[in-house]
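Chemist: The following block contains the structure, expressed as structure tokens.
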Amino acid sequence: MKHQLTVAVKNQSVAVERFLRVARHRGFRLMQLQLEGQDELFHVKMTVDSDKPIYLLTSQLNKLVDVHSVDLHTLQQQAI
Amino acid sequence: MSKTMTGAQMVIDILVKQGVTDVFGYPGGAIMPIYDALYGAPLKHYLTRHEQGAGFAAVGYARSTGKLGVCFATSGPGATNLVTSLADAMMDSVPLLAITGQVPTAAIGSDAFQEVDVLGMSLSCTKHSFMVERVEDLAEVLQQAMHLATSGRPGPVLVDIPKDIQQGQVPYTPWLADAQECDSTSMQELKAANTLLKNAKRPIAYVGGGVQSADAQDELMAFLARTQMPAVSTLKALGSVLPEYEYELGMLGMHGTKAANLAVQECDLLVCIGARFDDRVTGNLAKFAAKAQVLHLDIDAAEVGKRKPAAASLIADLKMSLPQLEGSLTTEEWREHVSQMKRDYAWRYDYPGEKVFAPYLLNKLSRDMPKQTVVCCDVGQHQMWVAQHMKFDHPSNHLSSGGAGTMGFGLPAAIGAQIARPQDTVITVSGDGSIMMNIQELATIRRNNLPVKIVILDNQRLGMVRQWQELFFAGRYSETNLSDNPDFVQLAAVFGIPGQTITHASEVDEAIDNLVSSEGPYILHACIDDKENVWPLVPPGAANDEMITENTQ
Ligand SMILES: Cc1ncc(C[n+]2csc(CCOP(=O)(O)OP(=O)(O)O)c2C)c(N)n1
Ligand SMILES: [Mg+2]
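Chains V and P are the protein sequences, given in the same order. Read in order, the letters of the first sequence correspond to residues 9 to 88 in this note's numbering. Read in order, the letters of the second sequence correspond to residues 145 to 697 in this note's numbering.
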């Protein structure tokens, strides 16, 4: 199932590397990625695909020190 | 005041002010300024003979005390040698600070001598990691690193410091005390949790390493005393449930006790206390505690529902959550049933052969060693025998590489534990395979006159792998024969460590006596049967009640 997330991370490349690594390692394929720098934070919009429930990814991302927030949009909501 | 200091001096200063008294490490080009600042500093540095040894010594130091372990390594190969110990600390949630030197900032990315992208390498084996980019950031980064390593779910944190930053000048600023983080307890589910407890007919406490991390043994024992609930332990939790607790069933999982595994399969409520449903614990997950609802207590929200859904969860420090559980008294019928299993499947040590029987030896050692002894082990059959046949009354007295299962853990971990707890006896139980993985650390024992006791259970095999080859690979013994082992007693003698070899059951008691009563270090080399297996064993893919047993249980 596909999910769209917006992740706010510290604006450092390593912060992005770190959370992309987590997404890959926890079994979520990256479908789309868009990164925008604002002040202290990068806002990363991404679409991932996996058979696994999405909370398995969001709970791991929320643990990362550099991740400020994780917002989940289901793709259906996006379509509205 | 316009006093200044170098970045390197600041590293040492901050460690000292944070109460760090001992560090383990190995110098090299890119970390030389820090080693220079260490010279004459009120911080004791222990030189190991390999960076992995330094990492594991720091892990042993941390695990035997609950304090932060600290290790240093240089850039490139120094840092790569540390990686295994970082991964081990990650899997077992050990508070560890690793400081690595890095090539100067200007050289980064140029494939400079001894340059490795350590920050990149650290991503998969640390809780968090930093590369310091400006000397002005150093103090804050170090403070944050120490805080992260020890708070919440503990873990390894790496700080990579380029050489120019170690040499840069910073104004001296008095050290800020660590701000105490408030526990963001979410106790909304407390009611649901207590309802589950109230309605349970056959509850079990499934106890994990979190109890040690939270320093919550007292709270755990109080909860068990209130509920009289049977308790099973993970490898890492052993010692958390006091051995005298009537319904203590020992370790569960692949080599768990029959009583523990059967009871878990029958329970209707599994109270998971700081554990994570590791595959070595659950066996076939779909069939694990299949009749049970799960009540999950952990500080790490990502553990809840990761492997098995929870009916309720308390995401909080166990020290806070455990006292709030209103468990009522477990039914007598269930307690009696579990007790009966505990009696029926108790270990037996009346081994008929003339050879040394490892479970007997370890059980004897367990009974004869002083209270508060720290037992470390390596990985393999001997590790499982330690877990099965030795008793501990605190998890900081049993140091075993759990999540990572790293051979070579035992000897350096024992060194760290002995340095952390000089008054206590420290014994490492190793295999003939594992001991060779960090054998160079005998030099560290010698250099520091550490009274570490070493037991080698020598089956002339990579025994655990051999056991699997026997059971699951049609007896094709590929590369597991170690019958050309060195003479271990002679090897230890070169490092000034006395010892003895035993080959017969009749020699065991006296040998244990020699080991335990020796003032300094000692090596007991026990030759055991190469065909001995660890029982019971839950075969891969099987449910935990489908264990294979022999007559040992
Ligand atoms: C670093 C590392 N390499 C390989 C393994 C795989 N492994 C697990 S147990 C084992 C055999 C260990 O042999 P020994 O130390 O003699 O212990 P025994 O099982 O014979 O008691 C091996 C090779 C491991 N756990 N760690
Ligand atoms: Mg062996």
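All C-beta atoms in this analysis are idealised placements derived from N, C-alpha and C, irrespective of residue type, glycine included.
Going residue by residue through the stretch 497–543 of chain P, where are the continuous alpha helix (DSSP H) segments of at least 4 residues, counting only ones entirely within it?
Modeler: The qualifying runs are 502–512 and 525–533.
Chemist: Looking at the C-beta of V/ASN19, does it have a partner C-beta in chain P at a distance below 9 Å?
Modeler: The residue given as residue 19 of chain V occupies position 11 in the first sequence. So, not an interface residue.
Chemist: I'd like to know whether the C-beta of P/LEU263 is nearer than 9 Å to at least one C-beta of chain V.
Modeler: For the purposes of this step, residue 263 of chain P is identified with residue 119 of the second sequence, where counting begins at 1. It does; some Cβ of chain V falls within 9 Å.
Chemist: Interface residues of chain P around V/ARG32 at Cβ under 8 Å?
Modeler: As a working mapping, residue 32 of chain V is identified with position 24 in the first sequence. Going along chain P, no residue has its Cβ under 8 Å from V/ARG32, so there is no contact; the nearest lies around 10 Å.
Chemist: Applying a beta-carbon distance threshold of less than 9 Å, which residues of chain V neighbour P/GLY449?
Modeler: Here residue 449 of chain P refers to the residue found at position 305 of the second sequence. Those are PRO61, TYR63, LEU64 and SER67, listed as they occur along chain V.
Chemist: Can you find a heavy atom of ligand 2 that lies under 8 Å from the Cβ of P/GLN604?
Modeler: Along the second sequence, read from residue 1 onward, the residue named residue 604 of chain P stands at position 460. Because some heavy atom of ligand 2 lies under 8 Å away, the Cβ of P/GLN604 counts as near it: yes.
Chemist: Taking 8 Å as the cut-off, is the beta-carbon of P/GLY607 closer than that to any non-hydrogen atom of ligand 2?
Modeler: Along the second sequence, read from residue 1 onward, the residue named residue 607 of chain P stands at position 463. Indeed, a heavy atom of ligand 2 lies less than 8 Å from the Cβ.
Chemist: Within 10 angstroms of its Cβ, does V/GLU25 collect 16 or more other Cβ (buried), or is it exposed?
Modeler: Along the first sequence, one-based indexing puts residue 25 of chain V at 17. It is exposed - the Cβ of V/GLU25 has fewer than 16 other Cβ atoms within 10 Å.
Chemist: For P/LYS675, list the residues DSSP reports as bridge partners.
Modeler: Position 531 of the second sequence, counting from 1, holds the residue named residue 675 of chain P. BP columns for P/LYS675 are empty, so no partner.
Chemist: Relative to the C-alpha of P/TYR493, which residue among P/LEU414, P/GLU476, P/LEU462 and P/TRP529 is closest?
Modeler: In the second sequence, the residue the question calls residue 493 of chain P occupies position 349. Nearest C-alpha to P/TYR493: P/TRP529.
Chemist: Count the other C-beta atoms from every protein chain shown that fall within 10 angstroms of the C-beta of P/GLN562, then say buried if there are 16 or more, exposed otherwise.
Modeler: Numbered from its first residue, the second sequence carries residue 562 of chain P at position 418. Buried: at least 16 other Cβ atoms inside 10 Å.
Chemist: Please work out which residues of its chain come closer than 8 Å, Cβ to Cβ, to P/VAL448, disregarding the five sequence neighbours upstream and downstream, and give them in chain order.
Modeler: As a first step, residue 448 of chain P is located in the second sequence; it is residue number 304 there, counting from the start. Once the five neighbours on either side are set aside, the close Cβ partners of P/VAL448 are HIS440, ASP442, ALA454, SER457 and ILE459.
Chemist: Pull up the distance between the alpha-carbon of V/ARG32 and that of V/ASP59, whole angstroms please.
Modeler: Reading the first sequence from its first residue, position 24 is the one you call residue 32 of chain V. Reading the first sequence from its first residue, position 51 is the one you call residue 59 of chain V. Roughly 13 Å between the two C-alpha positions.
Chemist: Would the beta-carbon of P/LEU626 be found less than 8 Å away from any heavy atom of ligand 2?
Modeler: For the purposes of this step, residue 626 of chain P is taken as residue 482 along the second sequence, with counting starting at 1. Indeed, a heavy atom of ligand 2 lies less than 8 Å from the Cβ.
Chemist: May I have a chain-ordered list of the beta strand (DSSP E) segments no shorter than 3 residues that lie completely inside the stretch 245–323 of chain P?
Modeler: For the stretch 245–323 of chain P, whole beta strand (DSSP E) runs of length 3 or above, ordered along the chain, are 272–275, 300–306 and 313–315.
Chemist: Between which two residues does the beta strand (DSSP E) containing P/PRO347 stretch?
Modeler: Taking the first residue of the second sequence as 1, we reach residue 347 of chain P at position 203. Run containing P/PRO347: 347–351, per the beta strand (DSSP E) assignment.
Chemist: According to DSSP, P/ILE158 sits in a beta bridge with which residue or residues?
Modeler: Indexing the second sequence from 1 puts residue 158 of chain P at position 14. P/ILE158 is not bridged to any residue.
Chemist: Using the DSSP secondary-structure output, state which residues sit across from P/ASP442 in a beta bridge.
Modeler: As a working note, residue 442 of chain P is residue 298 in the second sequence. Bridge partners of P/ASP442: P/ILE459.
Chemist: Starting from the Cα of P/LEU379, find the closest Cα among P/GLN484, P/GLY253, P/ALA655 and P/VAL351 and give me that residue.
Modeler: Your numbering for residue 379 of chain P matches position 235 in the second sequence. If we check each option's Cα against that of P/LEU379, P/VAL351 comes out closest.
Chemist: Under 8 Å: does the beta carbon of P/GLN527 sit that close to some heavy atom of ligand 1?
Modeler: As a working note, residue 527 of chain P is residue 383 in the second sequence. Yes, the beta carbon of P/GLN527 sits closer than 8 Å to at least one heavy atom of ligand 1.
Chemist: In chain order, what residues of the same chain have a beta carbon less than 7 Å from the beta carbon of V/VAL73, not counting five sequence neighbours either side?
Modeler: Taking the first residue of the first sequence as 1, we reach residue 73 of chain V at position 65. Taken in chain order, the list of residues that qualify is empty.
Chemist: Given a threshold of 16 other Cβ atoms within 10 Å of its Cβ, counted over all protein chains shown, does P/PHE616 qualify as buried or as exposed?
Modeler: Within the second sequence, the letter at position 472 stands for residue 616 of chain P. With fewer than 16 other Cβ atoms within 10 Å, it is exposed.
Chemist: Flag this pair as yes or no: are the beta carbons of P/ALA289 and P/VAL314 separated by less than 9 Å?
Modeler: Looking up residue 289 of chain P in the second sequence gives position 145. Looking up residue 314 of chain P in the second sequence gives position 170. No, they are not a contact pair.
Chemist: Kindly indicate the opening and closing residues of the beta strand (DSSP E) around V/PHE130.
Modeler: The structure shown does not extend to residue 130 of chain V, since chain V is modelled only from 9 to 88, so the question has no answer here.
Chemist: Assuming contact is defined by CB atoms lying nearer than 9 Å, are P/LEU601 and P/GLN525 in contact in what I supplied?
Modeler: Locating residue 601 of chain P in the second sequence gives position 457, where the first residue counts as 1. Locating residue 525 of chain P in the second sequence gives position 381, where the first residue counts as 1. For P/LEU601 and P/GLN525, yes; Cβs fall inside 9 Å.
Chemist: Given a threshold of 16 other Cβ atoms within 10 Å of its Cβ, counted over all protein chains shown, does P/ALA618 qualify as buried or as exposed?
Modeler: Taking the second sequence and counting its residues from 1, one reaches residue 618 of chain P at position 474. Looking at its Cβ environment, which holds fewer than 16 other Cβ atoms inside 10 Å, P/ALA618 is exposed.
Chemist: Out of P/VAL262, P/LYS335, P/SER357 and P/GLN604, which has the shortest C-alpha to C-alpha gap to P/THR294?
Modeler: By 1-based counting over the second sequence, the position of residue 294 of chain P is 150. Checked all of P/VAL262, P/LYS335, P/SER357 and P/GLN604; the closest Cα to P/THR294 is P/SER357.
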